[in-house]
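The structure under discussion appears below in the form of structure tokens.
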Amino acid sequence: NSDGGTWRFQRKTAALEFTSRTLRHAMSRWVSRSISLRLCPLLDSASASATPVDLQDILLRLTFDNICGLTFGKDPETLSPGLPDNAFASAFDRATEATLHRFVLPDSVWRLKKWLRLGMESGLRSSLAHVDAYMSRVIAARKLELSRADSHQHHHHDDLLSRFMKKGDYSDEFLQHIALNFILAGRDTSSVALTWFFWLVMQHPAVEDSILRELAGVLAETRGGDVASWVDQPLGFEEVDRLVYLKAALSETLRLYPSVPEDSKHVVADDVLPDGTFVPAGSSVTYSIYSTGRMKFIWGEDCLEFRPERWLTPDGKGFEAKDSFKFVAFNGGPRVCLGKDLAYLQMKSIAAAVLLRHRLTLAPGHPVEQKMSLTLFMKHGLRVNVHRRDLAAAAAAAAGALGGDKGAGCAGVNGGVPGLVTVGGPAVKVFAGPSWN
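Listed below in structure tokens is the structure:
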């Protein structure tokens with residue numbers, strides 16, 4: 002992380018890349034590749050063998066592979082068959098967890114543990130050294146490849162690291178910080194959001210039905226009536242962009258279970274908050290993103306209900322974004338998340354791929370609890386049973402529901418494509434308060 006002039010320079014430089022449609026298409030290609038080659042075969046195998054899987058672990062590996070591919074064009078293959086350990090991923094995880102402990106422990110305690118090399122502090126230095134060495138090798142290799150490309154040896158790279166290298170003569174340290182910040186911001190956040198999303202969908206079948214109806218409506222128009230063609234390849238960029246209700250369901254998930262449940266700011270100079278609260282220089286201000294999403298005066302009496310409809314326009318046909326200081330899962334103001342659109346693209350693509358092919362159920366007796374962390378992980382993972390979906394039956398049911406609910410929901414999505422029907426029935430109550438702290 003960075004502040005002041007360093008932050009402004011990094012932010013301005015990165016913003017030019019994140020607004021590029023080319024980068025979003027690159028993300029779409031990496032996600033589609035991992036869905037086809039890794040995620041689908043793994044879930045198909047679990048379904049065929051009736052073997053429960055830890056969906057949280059699978060999603061963590063999937064998003065790590067995607068984000069590394071997009072960031073520096075190298076796939077660590079952590080979602081390969083057998084779910085192998087990866088030295089870079091393991092060192093990255095150890096360093097992240099050790100850093101968390103520095104946030105929750107008094108300075109005097111973690112500094113003493115560092116001096117005595119106790120607990121996680123004992124391995125932090127070696128973990129950071131491993132990450133640094135790995136990134137240094139990647140940067141050196143990419144610079145060499147780009148120099149050869151300039152010498153007419155063609156190498157096409159559209160990853161973030163290469164894009165920065167082509168735009169300016171940045172130091173290796175700057176490039177490494179940019180890459181690591183992107184991985185930190187994009188890996189755990191998307192996978193954790195998807196984990197809670199799938200759990201909520203399992204608890205709320207009416208929402209799952211509405212997502213399937215929307216998918217059926219979009220794919221019937223883009224790929225025709227043969228449902229086999231709906232799953233022969235992942236959804237394309239334009240198809241994903243049309244999934245309004247799915248985006249609403251993901252946003253509702255992030256409202257109730259934000260990937261980063263709280264945040265802190267250090268006060269550089271005396272200031273006054275909008276409500277008149279004076280904050281002196283040198284103090285820290287911590288706010289709960291988790292609690293903000295569950296406040297009645299902000300979200301209404303139904304603030305504890307999982308209701309994606311609150312994110313739709315009055316006619317039910319469009320997505321209604323909320324003020325970034327009301328919905329703060331992606332931060333707000335000058336530090337609003339640059340990768341927000343990329344995050345939605347990845348989450349929508351993965352969610353659509355899974356729900357089109359499979360129905361998930363929670364493994365009997367599996368506890369769902371929140372873990373104290375910088376990121377809102379599930380303490381015990383998310384163990385699920387995977388069932389192959391009868392897509393033809395689902396499509397027929399969706400068509401029947403659309404025909405019988407003309408007055409209940411919207412008539413179409415994105416220019417009249419039938420697919421979105423307002424969820425009926427009772428909403429599901431979710432946890433009333435955080436247990437991660």
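With the first letter of the sequence shown counted as 1, position 350 gets the number 351 in the working numbering; the numbers rise by one all the way through.
Built from N, CA and C at the ideal position, the CB exists for glycine as well.
None of the values given here were measured: they were computed from a predicted structure.
Quick one: residues in its chain with C-beta nearer than 8 angstroms to the C-beta of residue i, no 5 flanking neighbours on either side, listed in chain order?
i: PHE199; result: LEU56, ALA352, VAL355, LEU361, LEU383, VAL385
i: VAL32; result: ASN67, PRO235, LEU346, GLN347, SER350, ILE351
i: GLY319; result: VAL245, LEU313
i: GLY334; result: SER325, PHE326
Below 8 angstroms between beta carbons: does that hold for residue i and residue j?
i: LEU181; j: PHE165; result: no
i: ASP160; j: THR287; result: no
i: TRP231; j: LEU38; result: no
i: ARG256; j: PHE328; result: yes
i: GLU1; j: SER284; result: Nothing can be reported for residue 1, as the shown portion of the chain is limited to 2 through 438.
i: ALA194; j: GLY340; result: no
i: LEU375; j: VAL261; result: yes
i: VAL387; j: HIS367; result: no
i: ARG34; j: LEU343; result: no
i: HIS131; j: ALA92; result: yes
i: LEU129; j: ALA96; result: yes
Considering Cα atoms alone, identify which of the options is closest to residue i.
i: ASP227; options: ALA395, GLY70, GLU310; result: ALA395
i: TYR246; options: ASP76, PRO309, ARG138; result: PRO309
i: TYR345; options: GLU78, ARG188, SER109; result: ARG188
i: GLU370; options: THR196, PHE183, THR293; result: THR196
i: PHE238; options: LEU251, SER252, THR223; result: THR223
i: PRO365; options: SER163, GLU146, MET203, ALA49; result: MET203
i: GLU215; options: HIS388, LEU363, MET28, LEU357; result: LEU357
i: ARG389; options: PHE93, ALA217, SER46, THR254; result: SER46
i: ALA270; options: PRO259, ALA282, GLY277, ALA99; result: ALA282
i: LEU63; options: PRO53, PRO42, PRO368, SER292; result: PRO42
i: PRO53; options: LEU44, LEU60, LEU61; result: LEU44
i: MET28; options: TRP300, HIS267, PHE183; result: PHE183
i: GLU122; options: SER137, PHE104, MET136, ASP133; result: PHE104
i: PRO82; options: ARG95, PHE93, ILE59, THR97; result: ILE59
i: ALA249; options: ALA221, ALA322, SER191, HIS102; result: ALA322
i: ALA141; options: LEU129, ARG311, SER163; result: SER163
i: ALA134; options: GLU146, ASP173, HIS205, VAL208; result: ASP173
i: ASP170; options: ALA397, SER137, LYS144; result: LYS144
Name the DSSP bridge partner or partners of residue i?
i: LYS266; result: VAL286
i: ARG384; result: ASP55
i: THR362; result: ASN386
i: VAL110; result: Answer by DSSP bridge pairing: none, since VAL110 is not bridged.
i: PHE320; result: LEU313
i: ASP272; result: VAL280
i: GLU240; result: Paired residues: none, contrary to the question.
i: GLN371; result: MET379
i: GLU209; result: In the DSSP output, where bridge partners are listed per residue, GLU209 has none listed.
Drop a sphere of 10 angstroms on the beta-carbon of residue i, count the other beta-carbons inside from all chains shown, and report buried for 16 or more, exposed for fewer.
i: PHE65; result: buried
i: PHE331; result: buried
i: SER127; result: exposed
i: ALA51; result: exposed
i: LEU113; result: exposed
i: SER265; result: exposed
i: PHE378; result: buried
i: LYS167; result: exposed
i: THR23; result: exposed
i: VAL337; result: exposed
i: ARG302; result: The displayed chain sequence assigns Glu, not Arg, to residue 302. That one is exposed.
i: GLY1; result: Nothing about residue 1 can be reported from this structure: the residues present for the chain run from 2 to 438 only.
i: MET296; result: exposed
i: GLY277; result: exposed
i: ALA90; result: buried
i: TRP116; result: exposed
i: GLU253; result: buried
i: ALA229; result: exposed
i: ARG118; result: exposed
i: LYS407; result: Low confidence applies here, because LYS407 scores a pLDDT of 43, under 50, leaving its location unreliable; read the following figure in that light. Under this definition LYS407 is an exposed residue.
i: HIS205; result: buried
Take residue i and list the residues in its own chain whose beta-carbon comes closer than 6 angstroms to its own, dropping the five residues that flank it on each side.
i: LEU106; result: none
i: ASP272; result: VAL280
i: ASN87; result: PRO77, THR79
i: ASP242; result: none
i: ILE36; result: PRO235, ALA354
i: GLU209; result: VAL202
Which residues in the same chain have their Cβ closer than 7 angstroms to the Cβ of residue i, if we skip the five residues on either side of it in sequence?
i: LYS75; result: CYS69, VAL139
i: LYS380; result: GLU370, GLN371, LYS372
i: GLY120; result: LYS114
i: GLY416; result: In this predicted model, GLY416 has a pLDDT of only 35, less than 50, meaning its place in the structure is not dependable enough to derive any value.
i: ARG12; result: none
i: PRO259; result: ILE290, TYR291, GLY294, ALA330, LEU377
i: GLY401; result: none
i: HIS102; result: TRP111, MET121
If we define contact as Cβ-Cβ less than 8 angstroms, is residue i a contact residue for chain B?
i: LYS349; result: This model lacks chain B altogether; it includes just one protein chain.
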